[in-house]
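**Student:** Order-wise, the sequence lines are chains A and B. Heads up, the first sequence is in my numbering, so the first residue is 5 and it goes up one at a time. Heads up, the second sequence is in my numbering, so the first residue is 297 and it goes up one at a time.
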Amino acid sequence: MSDQTHIPAGHDLAPGEEEQHSVGERILGYVVGLVLALLLTATSFFIAGTDLVWQPSIPVALIVLAIAQMGVHLVFFLHITTGPDNTNNVLALAFGLLIVFLVVGGTVWIMAHLNANMPPMDQIMMRQ
Amino acid sequence: MLGKLDWSAIPFDQPIPLVAGAMVLVAILGVLAWVVVKGHLPYLWSEWITSVDHKRIGVMYILLASVMLLRGGSDAIMMRIQQAVAYQSQGYLPPEHYNQIFSAHGTIMIFFVAMPFVIGLMNLIVPLQLGVRDVAFPTLNSVGFWLTATGALLVNISLVVGEFARTGWLAFPPLSELSYSPGVGVDYYAWSLQISGVGTLVAGINLVTTVLKLRTKGMNYLRMPMFCWTTLASNLLIVAAFPILTATLAMLLLDRYLGFHFFTNEAGGNVMMFMNLIWAWGHPEVYILVLPAFGIFSEVVSTFSGKALFGYRSMVLATMAICVISFMVWLHHFFTMGAGPDVNAIFGIASMIIAIPTGVKIYNWLFTMYGGRIRFATPMLWSVGFMVTFIIGGLTGVLVAVPPADFMLHNSMFLVAHFHNVIIGGVLFGAFAGFEYWFPKAFGFRLDERWGKAAFWFTFTGFYVTFMPLYIAGMLGMTRRMQHYDVAAWRPWMIVAAVGMAVLTIGVICQIVQLVVSIRNREALRDRTGDPWDGRSLEWATSSPPPVFNFAFNPDVRGEDAYWEMKAHARQQSFEHEEPEYQDIEMPRNSPTGFVCAFFATIMGFALIWHIWWMVILGGIGAFATFVVFAWRDHDEYVIPAEEVARIDRINIEERRSLVSMAGAV
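1. Where do the N-terminal and C-terminal ends of the beta strand (DSSP E) with B/Glu249 fall, by residue?
2. Three or more C-beta pairs closer than 8 angstroms, one from the stretch 732 to 747 of chain B and one from the stretch 757 to 768 of chain B: is that the case here?
3. Less than 7 angstroms between the beta carbons of B/Ser472 and B/Val482, yes or no?
4. Starting from the C-beta of B/Glu882, find all residues in its chain whose C-beta is less than 6 angstroms away, skip the five residues before and the five after it, and write them out in chain order.
5. Residues in the same chain with beta-carbon distance under 6 angstroms from B/Lys300, minus the five sequence neighbours each way, listed in chain order, please.
6. Using a Cβ cut-off of 7 angstroms, pull out every chain B residue sitting near A/Ile103, in sequence order please.
7. For B/Met883, which beta-bridge partners are listed by DSSP?
8. Based on DSSP bridge pairs, tell me the residues matched to B/Tyr484.
9. Would you call the stretch 347 to 367 of chain B and the stretch 402 to 420 of chain B in contact, with 3 or more CB pairs under 8 angstroms?
10. If you measure between the beta carbons of B/Leu449 and B/Thr838, is that distance less than 7 angstroms?
11. Determine the closest residue to B/Val924 out of B/Trp909, B/Gly890 and B/Ala673, with distance taken between C-alpha atoms.
12. Taking Cβ to Cβ, would you say B/Thr685 is nearer than 7 angstroms to B/Gly721?
13. What does B/Met569 reach in chain A if we use C-beta pairs closer than 9 angstroms?
14. Does the Cβ of B/His931 have 16 or more other Cβ atoms within 10 Å, making it buried, or fewer, making it exposed?
15. Using 10 angstroms around the beta-carbon of B/Tyr485, count the other beta-carbons present and answer buried if the total reaches 16, otherwise exposed.
16. Counting only runs of 3+ residues fully inside the stretch 58 to 126 of chain A, write out the beta strand (DSSP E) ranges in chain order.
17. Just the chain A side, please: which residues come within less than 8 angstroms of B/Leu508 by C-beta, in chain order?
18. Rounded to the nearest angstrom, what separates B/Asp823 and B/Arg943 at their Cα positions?
19. Around the Cβ of B/His401, are there at least 16 other Cβ atoms within 10 angstroms (buried) or fewer (exposed)?
20. Considering only the beta carbon of each residue, do B/Phe692 and B/Glu745 sit closer than 7 angstroms?
21. Of all the CB atoms in chain A, is at least one closer than 7 angstroms to the CB of B/Gly636?
22. Which one or two residues does DSSP pair with B/Thr615 in a beta bridge?
23. Please identify the residue among B/Ala927, B/Pro876 and B/His579 whose C-alpha is closest to the C-alpha of B/Phe643.
24. Could one say the Cβ of A/Leu118 lies closer than 7 angstroms to chain B's Cβ atoms, at least one of them?
25. With a threshold of 7 angstroms between beta carbons, is A/Leu106 in contact with chain B?
26. Can you tell me whether B/Arg822 is helix, strand or coil according to DSSP?
27. Using a beta-carbon distance below 7 angstroms, is B/Ile944 in contact with chain A?
28. So, does the CB of A/Gln8 fall closer than 7 angstroms to a CB anywhere in chain B?
29. What does the alpha-carbon distance come out to for the pair B/Val414 and B/Val912?
30. Output needed for B/Leu549: all residues of its chain with C-beta closer than 6 angstroms, excluding positions within five of it in sequence on either side, in chain order.
31. Let me know if B/Lys657 comes out buried or exposed under the rule of 16 or more other beta-carbons within 10 Å of its beta-carbon.
32. Measure the Cβ-Cβ separation of B/Ser594 and B/Met648 and say whether it is below 7 angstroms.
33. Hey, B/Ala604 and B/Asp371: beta-carbon distance below 7 angstroms or not?
34. Starting from B/Ser399 and walking both ways along the alpha helix (DSSP H), at which residues does that stretch end?
35. Between B/Leu290 and B/Lys749, how many whole angstroms is the CB-CB distance? I'm expecting something under 8 angstroms.
36. Tell me the rounded alpha-carbon separation between B/Pro390 and B/Pro478.
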């Protein structure tokens, strides 16, 4: 089927497909990614157990570190870039994030309001 | 040894399913015997069952959908008769059988009629419209089809072995949990949807990739025919939504098989979570079905009006807007669940907003027709019938999107009338329009117009006579899924609906007669040029039926309505044609992977339903081994030599030229 892939304007690559990179360059990329990922993981474990920082900030810090971890994975292992050869991948990621946000966010919101038309049990008791 | 399976699984005491099952079995055995005796088996195996050609797979999808339409339609006839006679009496269907019938009707019509029909049409046409030789993953395509067929087979097996779910087409817990549905019905339902769901997801990934990555030279996104755009949107929704269905059903199955408590009444389960998740899939599903139908109408209206589609870019925008907004409205299926005014208001407004891009589409079709030379061929009749019917269905939809109104109409026959109004008027009419429109492309001869028009008018009339009374019954307070009732005011409307069902049935018979008549007159109806309707997009640029490689040369696209421009260009050039230099073409080899994999999936599904654990392992290993064998294949392509390509292409060019010169002489 290779003879028919006339890709119009802006040749783009599937995740994992790479061109014009020497083996050394690619290994370097993976090593940097691995180091960053390990660093972020270690920091998360450290933060979770430490009393060096203000306690209520710990969950926020963990969320930030988790998002950074995702970013590292996307860039170094899944090879998402901002280049023109990556438009489809970035769009797919954006669409996926949007849907996950809508479904998860919507679900949390809906499930939190399920009892909106019902007073809590103790109030029912009190009225009687 | 055989798990829960024993002789009591066969419903000897219920004559209806047993007789129906026996008749189907005799028919299947008869066809099989005929195939074997006549020696068609090798042809069937090598040309269809193992085929990875997108056109063949598309045809098989549509065949599956048509057969299942008859099954789902029989269920509908039985329900309408039951409600017509069950006034102050039990009718002729016992409650547990009636409940199985309406559950099977919904499940079959959505998953095994509407889905395969639209996926079949997309498979058949999209690569041709994009000007390419196949879909992105041909063998995966075959796997997807056969897994869908597995699901359909399991649903039909439940007719004779065991029972089907009595829970409605979405199997709401706690009714579908083990404590209230201890039988195998819900397991049949869940496993057939899990298996066919994998097939649908695979088809979705395949078609998204095809549209994004395989387009012929010059086919920019904004030059793609509308049907390709709606295919893209619909399949993006499949990829995003079907995993939610799979996960939700998986949780229900964990509850039933391993004692989990996701949706149970006790131990902290939450049934409302099931409603929430199933509709987070269920509402996008509605648009998965109707968007391709919108694409079909766009093609048909523009072709039979002899004009380019009005507002092409607004149409693209509307399609993609629907694609995203369809994920923001799912709560309107359970306004009455009690989420309170804030949540209900937001989702109500979102539900009304999604009517706007749909309205844009309606106006675009009307303006496409305005000032055009309209030919009322059968596909155009279905399209105009759709516009009228869908506007009515859409308006009742906006009505129930208003939460206070929904509190009155929820779960009533009004709702039943509404969704049949949009699904029959939208999806089914679209499927029939596409069927009539592209049939000549798939088989090389047109369908008989007189029978086609008769089918349209009977179906159209039958639809209104059946479903308008249901609106009224709903207003009179009749709830859905009633096995019998005692309210005299509902009775007349149920009888009218049953009469309407008879008219609808005549429409279906007309369609079958049309097919038979057309096959017998195929020489007279032959489409020699490959362009029977004076079409505008690239599928008409090749012969009917297209050669296995679709195009001898991948066409060079220079604008919207690619083939229309080519024709205009050719007329100016007065058909001077140089013999091009033909080249060898590589095509993917046929593969039994899909069929073998589905065979093992069927065994596994059946074994899971009946708790036959050794057979589950056997089926699982078989399906996995099939993939391993496929992954280790050596060569998966074969070459069609240039001379063969030249021979096939010259015939088509000759046909077209002789026709044009004849027209010129007149």
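Positions of the beta carbon are idealized from the N, C-alpha and C atoms, including for glycine.
**Tutor:** The structure says:
1. Nothing can be reported for residue 249 of chain B: it is not among the residues displayed for chain B, which extend from 297 to 962.
2. The stretch 732 to 747 of chain B is not in contact with the stretch 757 to 768 of chain B.
3. Going by C-beta atoms, B/Ser472 is nearer than 7 angstroms to B/Val482.
4. Counting only Cβ-Cβ distances below 6 angstroms, and skipping sequence neighbours, we find Glu933 and Val935.
5. Cβ contact annotation for B/Lys300 (same chain, cutoff 6 angstroms, sequence separation greater than five): Trp906 and His907, in chain order.
6. Chain B residues near A/Ile103: Ala536 and Phe623.
7. DSSP, once it has assigned bridges, lists B/Tyr934 as partnering B/Met883.
8. DSSP, once it has assigned bridges, lists no residue as partnering B/Tyr484.
9. By the C-beta criterion, the stretch 347 to 367 of chain B is judged to be in contact with the stretch 402 to 420 of chain B, since at least 3 inter-stretch pairs fall below 8 angstroms.
10. Taking the C-beta atoms as reference points, B/Thr838 is found no nearer than 7 angstroms to B/Leu449.
11. Considering only alpha carbons, the answer is B/Gly890.
12. Taking C-beta atoms as the reference points, B/Thr685 and B/Gly721 count as a pair closer than 7 angstroms.
13. Going along chain A in sequence order, the residues near B/Met569 (Cβ under 9 angstroms) are Thr111 and Met115.
14. Burial check for B/His931: the Cβ neighbour count within 10 Å stays below 16, so the residue is exposed.
15. Around the CB of B/Tyr485, 16 or more other CB atoms lie within 10 Å, so the residue is classed as buried.
16. None, since the stretch 58 to 126 of chain A contains no complete beta strand (DSSP E) of that length.
17. Asn92, listed in chain order.
18. If you draw a straight line from the Cα of B/Asp823 to the Cα of B/Arg943, it is about 19 angstroms long.
19. Residue environment: B/His401 is assigned as buried (16 or more neighbouring CB atoms within 10 Å of its CB, all protein chains considered).
20. Checking the displayed sequence, the identity of residue 692 of chain B turns out to be Thr instead of Phe. With respect to the 7 angstroms criterion, B/Thr692 and B/Glu745 are not classified as neighbours on the basis of their beta carbons.
21. B/Gly636 counts as touching chain A.
22. DSSP lists no partner for B/Thr615.
23. Looking at B/Ala927, B/Pro876 and B/His579, the one whose alpha-carbon comes closest to that of B/Phe643 is B/His579.
24. Output row for A/Leu118: interface = yes.
25. Yes, its Cβ sits closer than 7 angstroms to a Cβ of chain B.
26. When secondary structure is reduced to three states using DSSP, B/Arg822 falls in the strand class.
27. Closer than 7 angstroms: no.
28. Unreliable placement is indicated for A/Gln8, whose pLDDT of 41 sits below 50; the coordinate value is still reported in the next sentence. It does; some Cβ of chain B falls within 7 angstroms.
29. Taken atom to atom, the span from the alpha-carbon of B/Val414 to that of B/Val912 is near 32 angstroms.
30. If we look at B/Leu549 and ignore the five residues flanking it on each side, its Cβ neighbours are Ala486.
31. Counting C-beta atoms within 10 angstroms of its own C-beta, B/Lys657 has 16 or more neighbours from the protein chains shown and is therefore classed as buried.
32. Cβ distance not < 7 angstroms, so B/Ser594 and B/Met648 don't count as in contact.
33. One thing to note: B/Ala604 has its Cβ no nearer than 7 angstroms to the Cβ of B/Asp371.
34. Segment Pro391 to Thr403, the alpha helix (DSSP H) holding B/Ser399.
35. This structure cannot speak to residue 290 of chain B, because chain B is shown only from 297 to 962.
36. Rounded to the nearest angstrom, the two C-alpha atoms are 19 angstroms apart.
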